[in-house]
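This report refers to the structure that appears directly beneath it.
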Amino acid sequence: MNKIKVMIVDDQSISRQLFEMYIKSSEKYELIFSVASAAVADVYFLKQRADLVIMDILMNDSSNGLEAAEKIKNQYPCTKIIAVTSMPEYSWIQRAKEIGIESFWYKETDEGTLLDVMDRTMAGESVYPDSAPSVKLGLADSTEFTRRELEILRVITTGASNAAVGEFLGISENTVKSHVRNMLEKTGYKSRTELAIKARVIGLAIDLQDNEQT
Amino acid sequence: MLISQLPFFILQLMAIYTFILSAFYLWCIIRSINAGIGKMFCTIYIFLFAGSFVCMYGFDYILRDINVRYPFSAFSKWMLEMPAVVVFSAVMLLTAFAVIGQIIISKRIVSMLTPASLQEGLDLMPDGIAFGTEDGIPLLVNQKMQSISTAAFGAGVLDTQLLGSRISSGNTEDGCRIMHRGEGVFLHMADGSVWDMREHHTVMGNTEVCEHIAYNITEQYQKSMELTIRNKHLAAVNNKIREYNKNIDSIIRDKEILAAKINLHDNIGRSLLVLRSYLSRNDGNREQLIALWQAVISMLRNESVSNEKENSISILVKAAQDVGVKICFDGELPSYKKTEKIISLAIHESLINAVKYAGSDELLIKMKENHKTVTVRITNNGTVPEDTVVEKGGLKNLRRTVELNGGSMRIISKPVFVLEIVLEKE
Numbered sequence: 000m001n002k003i004k005v006m007i008v009d010d011q012s013i014s015r016q017l018f019e020m021y022i023k024s025s026e027k028y029e030l031i032f033s034v035a036s037a038a039v040a041d042v043y044f045l046k047q048r049a050d051l052v053i054m055d056i057l058m059n060d061s062s063n064g065l066e067a068a069e070k071i072k073n074q075y076p077c078t079k080i081i082a083v084t085s086m087p088e089y090s091w092i093q094r095a096k097e098i099g100i101e102s103f104w105y106k107e108t109d110e111g112t113l114l115d116v117m118d119r120t121m122a123g124e125s126v127y128p129d130s131a132p133s134v135k136l137g138l139a140d141s142t143e144f145t146r147r148e149l150e151i152l153r154v155i156t157t158g159a160s161n162a163a164v165g166e167f168l169g170i171s172e173n174t175v176k177s178h179v180r181n182m183l184e185k186t187g188y189k190s191r192t193e194l195a196i197k198a199r200v201i202g203l204a205i206d207l208q209d210n211e212q213t
Numbered sequence: 000m001l002i003s004q005l006p007f008f009i010l011q012l013m014a015i016y017t018f019i020l021s022a023f024y025l026w027c028i029i030r031s032i033n034a035g036i037g038k039m040f041c042t043i044y045i046f047l048f049a050g051s052f053v054c055m056y057g058f059d060y061i062l063r064d065i066n067v068r069y070p071f072s073a074f075s076k077w078m079l080e081m082p083a084v085v086v087f088s089a090v091m092l093l094t095a096f097a098v099i100g101q102i103i104i105s106k107r108i109v110s111m112l113t114p115a116s117l118q119e120g121l122d123l124m125p126d127g128i129a130f131g132t133e134d135g136i137p138l139l140v141n142q143k144m145q146s147i148s149t150a151a152f153g154a155g156v157l158d159t160q161l162l163g164s165r166i167s168s169g170n171t172e173d174g175c176r177i178m179h180r181g182e183g184v185f186l187h188m189a190d191g192s193v194w195d196m197r198e199h200h201t202v203m204g205n206t207e208v209c210e211h212i213a214y215n216i217t218e219q220y221q222k223s224m225e226l227t228i229r230n231k232h233l234a235a236v237n238n239k240i241r242e243y244n245k246n247i248d249s250i251i252r253d254k255e256i257l258a259a260k261i262n263l264h265d266n267i268g269r270s271l272l273v274l275r276s277y278l279s280r281n282d283g284n285r286e287q288l289i290a291l292w293q294a295v296i297s298m299l300r301n302e303s304v305s306n307e308k309e310n311s312i313s314i315l316v317k318a319a320q321d322v323g324v325k326i327c328f329d330g331e332l333p334s335y336k337k338t339e340k341i342i343s344l345a346i347h348e349s350l351i352n353a354v355k356y357a358g359s360d361e362l363l364i365k366m367k368e369n370h371k372t373v374t375v376r377i378t379n380n381g382t383v384p385e386d387t388v389v390e391k392g393g394l395k396n397l398r399r400t401v402e403l404n405g406g407s408m409r410i411i412s413k414p415v416f417v418l419e420i421v422l423e424k425e
């Protein structure tokens with residue numbers, strides 16, 4: 000039986016090597032490429048098309064794993080993709096589903112192994128966690144935030160003013176202020192700055208567009 | 000009894016009384032005119048004044064005739080032959096009218112909107128207002144505007160046109176100043192108050208009227224200043240967040256590395272346990288155990304991660320090499336971050352298209368710089384396109400990115416494919 004051709008895309012060498020280890024330990028899979036940047040993932044498809052891509056989302060070189068996955072899906076719809084990340088940024092699950100990524104795996108918190116997810120994905124199953132992992136932000140649990148609050152938090156981490164946040168999300172500045180106030184009350188943080196920085200550090204709110212511009 | 004039969008002192012009293020009554024009615028006429036009570040009232044009071052005046056005049060004439068000369072004048076004679084009751088009744092009637100009239104007028108004035116009440120109302124306003132003709136003649140100026148003008152320009156409002164030109168010129172007394180912000184004109188007073196000075200021209204009736212208004216915006220102005228300071232502070236904080244955001248990746252990277260190391264540590268731990276079990280009880284698959292340790296050792300050997308950040312172009316060159324495509328550079332790569340990103344995007348698109356459609360295995364990137372621009376020409380050694388290249392997908396995105404950044408893009412299909420980008424230097 001032909002082995003399933005796998006491509007790994009992850010900027011962390013240790014993560015790549017762990018994934019490589021998983022693949023080499025299985026007889027079903029064959030590693031064809033192990034790439035450090037999502038920006039060039041589609042270039043490798045010129046040489047050989049992968050059956051399965053394990054794609055990290057947040058890259059150090061400011062390339063965007065979800066964008067690269069979308070490009071691959073558009074050009075090679077038969078290739079299956081598993082998005083992997085250690086960040087609890089909730090919107091990535093939804094975005095991955097919209098792109099048509101088959102499965103989603105949290106590196107540190109998902110109970111199933113990556114191999115298990117790979118097997119189920121190749122069997123035609125779509126493996127997604129029910130929600131992003133819960134993390135602590137100050138006194139609050141990340142599950143205590145509403146969708147809108149997380150959207151606002153994400154834009155705030157880019158350094159946007161309340162007016163700019165409101166304009167971007169199509170809501171009034173007062174609404175933004177009200178949500179920020181609620182989040183400060185929930186977390187116990189003293190300032191908007193502290194809230195934005197802590198949210199960014201734990202990975203609860205990451206703006207991939209802003210990440211690309213850095 | 001006739002008037003002529005009245006005692007002298009009665010005549011004197013009547014004269015004085017009718018004099019007072021006349022004066023009172025004169026006052027009533029003036030008051031009703033000022034209060035704008037109405038023509039009817041004014042007319043009535045004029046007649047009553049005339050009546051009381053005649054009575055007063057009549058008594059005065061009689062007394063003068065008695066004191067000065069004999070025989071009496073025709074008027075005095077006529078008055079003297081009049082029954083006293085008639086004259087007394089006339090005077091009583093005039094007095095009654097005085098009392099009733101005053102009650103009516105007072106009630107009316109309280110409930111009526113008169114020109115005086117209009118002035119009174121405007122004087123009570125906290126803002127300044129001045130109406131004047133186009134020639135500058137003041138029509139209505141309230142106390143507040145008078146005091147503003149006096150404090151700011153050293154004189155009250157005697158000419159509204161002059162007031163307007165003083166505001167425009169900005170010549171104010173010491174301690175005051177006029178600031179223009181956009182279309183707004185703001186008068187800062189020595190006492191710290193701030194006034195929004197506005198001028199409107201309108202037509203009332205058939206008269207062109209100029210209206211000057213001074214709104215007290217002291218509180219709003221102070222709050223606006225506070226807001227400006229706060230916004231500056233916020234902008235500085237937001238910039239700090241941006242800078243922090245740029246550096247956060249390395250912090251997150253360290254976090255991921257730590258997580259991976261923990262995982263590796265766990266694998267080593269498991270391997271040790273398996274090894275121990277194998278050595279102590281000869282239990283386990285030797286080949287599997289060796290493979291496990293080889294994997295762990297190779298990971299440990301590769302653990303030192305290079306901290307050098309490769310740029311996007313060098314990553315692309317390596318990727319191209321891996322897929323069997325050589326990228327050659329003629330000229331120096333610009334060091335500006337934005338330009339480098341755009342060039343990287345152009346090389347990426349050219350690489351994909353060159354391999355997919357032209358079957359090429361070599362890309363040539365020529366770069367030329369002058370003091371204003373950077374020109375990049377990308378060609379390949381693949382087959383020449385048969386038809387004109389149609390921009391879609393990646394090339395379309397590339398053009399949009401180039402043009403958004405102030406550059407230009409050109410695609411030449413024959414005799415060879417050339418992608419040319421001209422970018423402005425940062």
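Those protein sequences? They're chains A and B, same order as listed.
Counting from 0, one number per residue, gives the positions in the first sequence under numbering that gives the first Met the number 0.
Counting from 0, one number per residue, gives the positions in the second sequence under numbering that gives the first Met the number 0.
Each residue gets a CB set at the ideal place from its N, CA and C atoms; glycine is no exception.
Remember, predicted model here, so these are calculated numbers, not experimental data.
- Residues of the segment 22-53 of chain A with a C-beta atom less than 9 Å from some C-beta of chain B are LYS23, SER24, PHE32, VAL34, ALA35, SER36, ALA38, VAL39, ALA40, ASP41, VAL42, TYR43, PHE44, LEU45, LYS46, GLN47, listed in chain order.
- Listed along chain A, no residue sits closer than 9 Å to GLY406/B by beta-carbon distance, the nearest being about 17 Å off.
- In this structure, DSSP gives ALA213/B an extended state, which the three-state scheme calls strand.
- Here GLU207/B carries a strand assignment [DSSP, helix/strand/coil].
- Per DSSP, ALA129/B is one residue of the beta strand (DSSP E) stretching across 127-132.
- Note on geometry: alpha-carbon atoms of SER62/A and LYS337/B lie some 14 Å from one another.
- Out of ALA204/A, LYS106/A, VAL134/A, the CA that lies nearest to the CA of ARG147/A is found in ALA204/A.
- Neighbours of LYS355/B across chain A, judged by C-beta separation under 9 Å: LEU45.
- Taking one beta carbon from each stretch, the segment 33-49 of chain A and the segment 288-297 of chain B have fewer than 3 pairs nearer than 8 Å; the two do not touch.
- Cβ contact annotation for TYR127/A (same chain, cutoff 6 Å, sequence separation greater than five): PHE103, in chain order.
- Proximity of ILE240/B to chain A, defined by a Cβ-Cβ separation below 9 Å, is satisfied.
- GLY323: these are the residues of the segment 323-335 of chain B whose beta carbon lies less than 7 Å from some beta carbon of chain A, given in chain order.
- Under the three-state reduction of DSSP output, HIS200/B falls in the strand class.
- Identification of chain A residues near ILE351/B by a Cβ-Cβ cut-off of 8 Å yields ASP41, VAL42, LEU45, ordered along the chain.
- By the CB criterion at 9 Å, LEU363/B and ASP329/B fall inside the cutoff.
- Runs of the beta strand (DSSP E) lying entirely within the segment 335-399 of chain B and spanning at least 3 residues, in chain order: 361-368, 372-379.
- The beta carbon of GLU348/B sits closer than 7 Å to the beta carbons of GLY393, LEU394, LEU397 from its chain, once the five residues preceding and following it are set aside; these are given in chain order.
- Restricting attention to alpha helix (DSSP H) runs no shorter than 4 residues, the segment 52-133 of chain A encloses them at 64-74, 90-98, 113-121, ordered along the chain.
- With fewer than 16 other Cβ atoms from the protein chains shown falling within 10 Å of its own Cβ, MET203/B counts as exposed.
- Judged by DSSP in its simplified three-state form, CYS175/B adopts coil rather than helix or strand.
- Taking 9 Å as the CB threshold, LEU272/B stays off the interface with chain A.
- ARG15/A places its beta carbon less than 9 Å from that of SER33/A.
- The shortest CA-to-CA distance from CYS209/B to any of HIS199/B, THR217/B, ASN215/B, GLU218/B is the one to HIS199/B.
- Assignment of ALA139/A by DSSP, reduced to helix, strand and coil, places it in the strand class.
- Relative to GLU119/B, the option among ASN141/B, VAL98/B, ILE128/B, THR132/B whose CA is nearest is ASN141/B.
- Using beta-carbon distances, ARG199/A counts as an interface residue toward chain B, with a partner under 9 Å.
- Under a 10 Å Cβ-count criterion, ALA73/B is classified as exposed, with fewer than 16 other Cβ atoms of the shown protein chains found around its own Cβ.
- Here the C-alpha atom of ALA235/B lies approximately 38 Å from the C-alpha atom of ASP126/B.
- For GLY99/A, no CB of chain B lies under 9 Å from its own CB, so it is not counted at the interface with that chain.
- The DSSP-derived three-state label of PHE44/A is coil.
- By the Cβ criterion, the segment 23-31 of chain B is not in contact with the segment 171-189 of chain A, since fewer than three pairs of Cβ atoms, one from each stretch, lie closer than 8 Å.
- With 16 or more other Cβ atoms from the protein chains shown falling within 10 Å of its own Cβ, LEU344/B counts as buried.
- For ASP321/B, a Cβ of chain A is located within less than 9 Å of the residue's own Cβ.
- Leaving aside the five residues that flank LYS197/A on each side, the residues in its chain whose CB is nearer than 8 Å to its CB run, in chain order, LEU136, GLY137, THR186, TYR188.
- Taking C-beta atoms as the reference points, ILE128/B and ILE216/B fail to come closer than 9 Å.
- DSSP places GLY183/B within a strand segment (E or B) once states are collapsed to three.
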